[in-house]
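Colleague:
There are 2 protein chains.
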Amino acid sequence: MGGFFTGRTLADLGKALRSGEVTAQGLVAKVLESVDPDLNAFVTLDAEGAEAAAKRTDQALASGIDRGPLHGIPVAVKDIIDVAGLPTGMGSAHFDGHVAEDDAVCVTMLRNAGAVIVGKTGTQEFAFGATGDVSASGPVRNPHDRARMAGGSSSGSAVAVAAGMVPLALGTDTGGSVRIPSAFCGIAGFKPAHGSIPADGVFPLSPSLDHVGVLAASADDCWIAYRALTGPADETVPHGRVAWIEPPAADPDVVRTVRALFPDAPAEPLDFAGLREVFIAIEFSEAYDVHAERIADAPGLYQPVTLGRLEESGRMPGWRLVRALRERDRYAREIAGLLDRYDYLAMPTMPITAPELGATEVEFGPLTALLVSLTSPWNVLGLPALSVLAGTVRGLPVGAQLVTRRGAENVLFDAAARLA
Amino acid sequence: MGGFFTGRTLADLGKALRSGEVTAQGLVAKVLESVDPDLNAFVTLDAEGAEAAAKRTDQALASGIDRGPLHGIPVAVKDIIDVAGLPTGMGSAHFDGHVAEDDAVCVTMLRNAGAVIVGKTGTQEFAFGATGDVSASGPVRNPHDRARMAGGSSSGSAVAVAAGMVPLALGTDTGGSVRIPSAFCGIAGFKPAHGSIPADGVFPLSPSLDHVGVLAASADDCWIAYRALTGPADETVPHGRVAWIEPPAADPDVVRTVRALFPDAPAEPLDFAGLREVFIAIEFSEAYDVHAERIADAPGLYQPVTLGRLEESGRMPGWRLVRALRERDRYAREIAGLLDRYDYLAMPTMPITAPELGATEVEFGPLTALLVSLTSPWNVLGLPALSVLAGTVRGLPVGAQLVTRRGAENVLFDAAARLA
């Protein structure tokens, strides 16, 4: 596991950069040394661009310009997010050789905060899937067991952080794609409220569910990165009252591990099945809209699994989308009521630990549904959701997911700090 | 044609009521005498309820309570609009024997304005169709030629007015259902801006396209009724600049007749085909949502034509609805730009005159698409649209349709007054 950044927090790195113990250029070199090609986390390493950017941030710091906690920090970016001048492949043969012209807004935000983009990380093809092993760039491997899935779709971002190749990465999350690989790889992943980090310049999967998020070794580092990108918190909300949400179908060892962190939280029901209907109707309809012409023109360029899911998406009837949009409003009111009574909700991020590469079914159900079962409701509702390491089951990481209302993000990180 | 109300305006009737020349009870009697069962305009006549209500309005007027221009005026209400205590059949065997418990909001508004509800008028089954001849209550006949369609779906409301049975009727309009039968029957019909008259208590066809509207012999009387229901105009906009919108497929005699009223109006293009795609995607998706359980439980209770259209609606893919909603926003911006340059738009209401009952195809194309081709764009955009008599072609009425922006409704009525 041990890349250079394992065990080094953003605060540690910031101190070392400011004391002159390390330079941003030196950190870029550490990234390049730490990359383990067998894990397949990176699809593009931009040594030259990163070195040049690092040199500029070193010069800035030397001349007294300090852009804050991300100044000089190497960051990896998921390969569906545009970085000007770098290949942006979307994990798909459709974008083989495609080079982005401009930075996505979230990348501009990173650069403005002084971060150094070191490369692009592997993604599930078009971010449409949560296994992390369906991509034109091949499967990303879980550093805890290389025969297992990293989870997706921000697979490479999670693995690059989990294996200590970088201290921070950007990902995207439409049904759990930041939180799922974070949980499977034993790191922290934060999906902010919908729109908090703009998705302009990110290849869409389902625009009304797409979120840009951050992945780091700890919740603390996610919070630092999130705040560096979006500015100070709107409000600081006192925490305390937590409700436990019991998963409908899950590995009991996983549930037990997470539940142990919240022994006194009263259990509250959640209509996971209904929320899944809403999620699927929106995601499928919007995803096919994005891909309709590409499917007609060059179906053979998709990975067969992706094409199959897209074809299924195209058959989602409009009337189910009409119902989903109405139901979403109803659920939003219901959950707003729940979050009046509690400061945050806690549950496992994933109902299972990372399955073996290539699996489609596990003991607890078919994988496609299971993987997003506990994460996708918070995309439907656009609520801030954080995954943090809760423990291990049979040597594999297990994540706890904490959810709150928009504006109360600090509650999640305060709670995570108390768990750590 | 000659029912009692033929040639009598709301102003005439109001004067006669206030001079004591007639009473509201006397007007109810005139309605009952004027009904021509062969036209099949009414499905329910509420002689008893109307007489009681008329008596109350007569007493009110005698005691000095005057509710304005609709005080004592008999009004017919389309049979998908709830009137408390009256059968409300939706033109469907599904609602055979169903009696509404409460008044729809628009009916309450009518009553508050002093109007007397005299009965319920025939509607296309569930308002889903514009021919006026598909209904559990049988075809409504065109008073200008009883072998021809009245148009729909507010067929009975239009015929009741056109044949002088009532001076005013309420209808609903999802793709043209107020304006289509108004044009075919030679009267005026006004579909206000979306939501201007609330649709609560009206059986939904496609909620985001559904509008409640008014039908009367003249545009003047539509304006009086509309204002009596909704209050004074927000603004009074000077009129003048009119653009001509050329229909894509139409009877040239119909086009010539309407164009002659606006000889100097510059022609502006409109993407009728694109707007139709938007209309169909929204209407079909929302209509199937309304009917899904009913179709599963008792498909045999639908008229076969209605069931066929609903089944087709259920196959509308969600991704086309996603595109339609995005396109609607684009068209709304485009038409807002056009209505910055012009005060109103003019075009035929219908591209053809009333076809024979049972027709499915005419010289200018398949009827289903043709009937809503010029009216449905204004449901998609939610804009106020008025149909007024423009002339006749081979003895059949032809309507001119005038469209403007929300808030500039008076422009349409000022223009219509100058045409009359």
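Line by line, the protein sequences give chains H and C. Mapping of the first sequence onto my numbering: residues 2 to 421, in sequence order. Mapping of the second sequence onto my numbering: residues 2 to 421, in sequence order. Beta carbons are placed, not taken as given, at the ideal position from N, Cα and C, and that holds for glycine.
For Tyr345 (chain C), report the span of its beta strand (DSSP E) as first-last.
Modeller: Unbroken beta strand (DSSP E) run through Tyr345 (chain C): 345-349.
Colleague: Tell me, please, whether the CB atom of Ala282 (chain C) is closer than 9 angstroms to any CB atom in chain H?
Modeller: Interface residue, yes.
Colleague: Using the beta-carbon of each residue, which ones in chain H are nearer than 8 angstroms to Gly315 (chain C)?
Modeller: Going along chain H in sequence order, the residues near Gly315 (chain C) (Cβ under 8 angstroms) are Pro318, Trp320.
Colleague: For a test of the three-state rule: what should DSSP assign to His292 (chain C), helix, strand or coil?
Modeller: His292 (chain C) falls in the helix class under three-state DSSP.
Colleague: Just by C-beta distance, which residues in the segment 161-183 of chain H are closer than 8 angstroms to chain C?
Modeller: Cβ contacts with chain C come from no residue of the segment 161-183 of chain H.
Colleague: In the structure shown, what three-state DSSP assignment does Ser183 (chain C) receive?
Modeller: Here Ser183 (chain C) sits in helix by DSSP.
Colleague: For a cutoff of 9 angstroms on Cβ pairs, would you count Ser286 (chain C) as touching chain H?
Modeller: Closer than 9 angstroms: yes.
Colleague: Could you run through the segment 285-313 of chain H and flag, in chain order, every residue whose CB is less than 7 angstroms away from some CB of chain C?
Modeller: Flagged, chain order: Phe285, Ser286, Glu287, Tyr289, Asp290, Ala293.
Colleague: Please decide whether Val243 (chain C) counts as near chain H, where near means a Cβ-Cβ distance under 9 angstroms.
Modeller: Cβ-Cβ to chain H under 9 angstroms: no for Val243 (chain C).
Colleague: Using DSSP bridges, identify the partner residues of Leu339 (chain C).
Modeller: Paired residues: none, contrary to the question.
Colleague: Please state whether the Cβ-Cβ distance between Arg68 (chain H) and Gly115 (chain H) is less than 9 angstroms.
Modeller: For Arg68 (chain H) and Gly115 (chain H), yes; Cβs fall inside 9 angstroms.
Colleague: Could you work out which residues of chain H lie near Arg324 (chain C), taking near to mean beta carbons separated by less than 9 angstroms?
Modeller: Those within 9 angstroms of Arg324 (chain C) in chain H are Asp290, Ala293.
Colleague: Do Pro248 (chain C) and Ser374 (chain C) have their CB atoms nearer than 9 angstroms?
Modeller: In contact: Pro248 (chain C) and Ser374 (chain C) (Cβ atoms closer than 9 angstroms).
Colleague: For a test of the three-state rule: what should DSSP assign to Ile246 (chain H), helix, strand or coil?
Modeller: Note: Ile246 (chain H) maps to strand in three-state DSSP.
Colleague: Quick one: give me the first and last residue of the alpha helix (DSSP H) that Gly69 (chain C) is part of.
Modeller: Where Gly69 (chain C) is concerned, there is no enclosing alpha helix (DSSP H), given that its DSSP letter is neither H nor E.
Colleague: Could you check whether Ala391 (chain H) and Leu420 (chain H) sit closer than 9 angstroms to each other, using their CB atoms as the reference points?
Modeller: In contact: Leu420 (chain H) and Ala391 (chain H) (Cβ atoms closer than 9 angstroms).
Colleague: Does the beta-carbon of Val99 (chain C) have 16 or more other beta-carbons within 10 angstroms, so that it is buried, or is it exposed?
Modeller: Just to set this straight, residue 99 (chain C) is His in the shown sequence, not Val. That one is exposed.
Colleague: Considering only DSSP beta bridges, list what His212 (chain C) is partnered with.
Modeller: Paired residue(s): C:Asp174.
Colleague: Considering only the alpha carbon of each residue, which of C:Pro352, C:Gly383, C:Asn113 lies closest to Leu372 (chain C)?
Modeller: For the residues C:Pro352, C:Gly383, C:Asn113, the minimum Cα distance to Leu372 (chain C) belongs to C:Pro352.
Colleague: Is the beta carbon of Asp37 (chain C) less than 9 angstroms from the beta carbon of Leu358 (chain C)?
Modeller: Against a cut-off of 9 angstroms, the Cβ pair of Leu358 (chain C) and Asp37 (chain C) comes out as no contact.
Colleague: Which whole runs of the alpha helix (DSSP H) in the segment 110-159 of chain H are 4 residues long or more, in chain order?
Modeller: Listed in chain order, nothing qualifies, since the segment 110-159 of chain H has no complete alpha helix (DSSP H) run of 4 or more residues.
Colleague: Do Ser207 (chain H) and Glu287 (chain H) have their beta-carbon atoms positioned less than 9 angstroms apart in this structure?
Modeller: Closer than 9 angstroms, so yes.
Colleague: Decide if Gly202 (chain H) is buried, meaning its Cβ has at least 16 other Cβ atoms within 10 Å, or exposed.
Modeller: Buried is the call here.
Colleague: Out of H:Met91, H:Thr350, H:Gly15, H:Val106, which has the shortest C-alpha to C-alpha gap to Ala251 (chain H)?
Modeller: Measuring from the Cα of Ala251 (chain H), the nearest candidate turns out to be H:Thr350.
Colleague: Would Ala226 (chain H) and Pro385 (chain H) qualify as a contact pair, given that the criterion is a beta-carbon distance under 9 angstroms?
Modeller: No, these two residues do not count as a Cβ contact at 9 angstroms.
Colleague: Whole angstroms is fine: what's the gap from Gly50 (chain H)'s alpha carbon to Ala163 (chain H)'s?
Modeller: Approximately 24 angstroms, taken between the alpha carbons.
Colleague: Can you give me the C-alpha to C-alpha distance between His292 (chain C) and Gly196 (chain C), rounded to a whole angstrom?
Modeller: So the alpha carbons of these two residues sit roughly 22 angstroms apart.
Colleague: Using 10 angstroms around the beta-carbon of Gln402 (chain C), count the other beta-carbons present and answer buried if the total reaches 16, otherwise exposed.
Modeller: Buried, because 16 or more other Cβ atoms sit within 10 Å of the Cβ of Gln402 (chain C).
Colleague: Cα separation between Ile283 (chain H) and Ala325 (chain H)?
Modeller: If you take the alpha carbons of Ile283 (chain H) and Ala325 (chain H), they lie about 7 angstroms apart.
Colleague: Closest to Gly92 (chain H) by C-alpha separation, out of H:Asp254, H:Lys79, H:Ala418, would be which residue?
Modeller: Out of H:Asp254, H:Lys79, H:Ala418, H:Lys79 has the C-alpha closest to the C-alpha of Gly92 (chain H).
Colleague: When burial is assigned at 16 or more other CB atoms within 10 Å of the CB, is Lys16 (chain H) buried or exposed?
Modeller: When all chains shown are included, Lys16 (chain H) counts as exposed.
Colleague: Where does Gln304 (chain H) land, buried or exposed, given buried means 16+ other C-beta within 10 angstroms?
Modeller: By the neighbour-count rule (16 or more Cβ atoms within 10 Å), Gln304 (chain H) is buried.
Colleague: State the beta-bridge partners of Phe191 (chain H) as determined by DSSP.
Modeller: H:Val215, H:Leu387, per the DSSP bridge assignment.
Colleague: Assign Ser219 (chain H) to buried or exposed, taking buried as 16 or more other Cβ atoms, counted over all protein chains shown, within 10 Å of its Cβ.
Modeller: It counts as buried.
Colleague: Would the segment 405-417 of chain C and the segment 273-280 of chain C be scored as touching if the rule is three or more Cβ pairs under 8 angstroms?
Modeller: Because the criterion of three Cβ pairs below 8 angstroms is not met, the segment 405-417 of chain C and the segment 273-280 of chain C do not touch.
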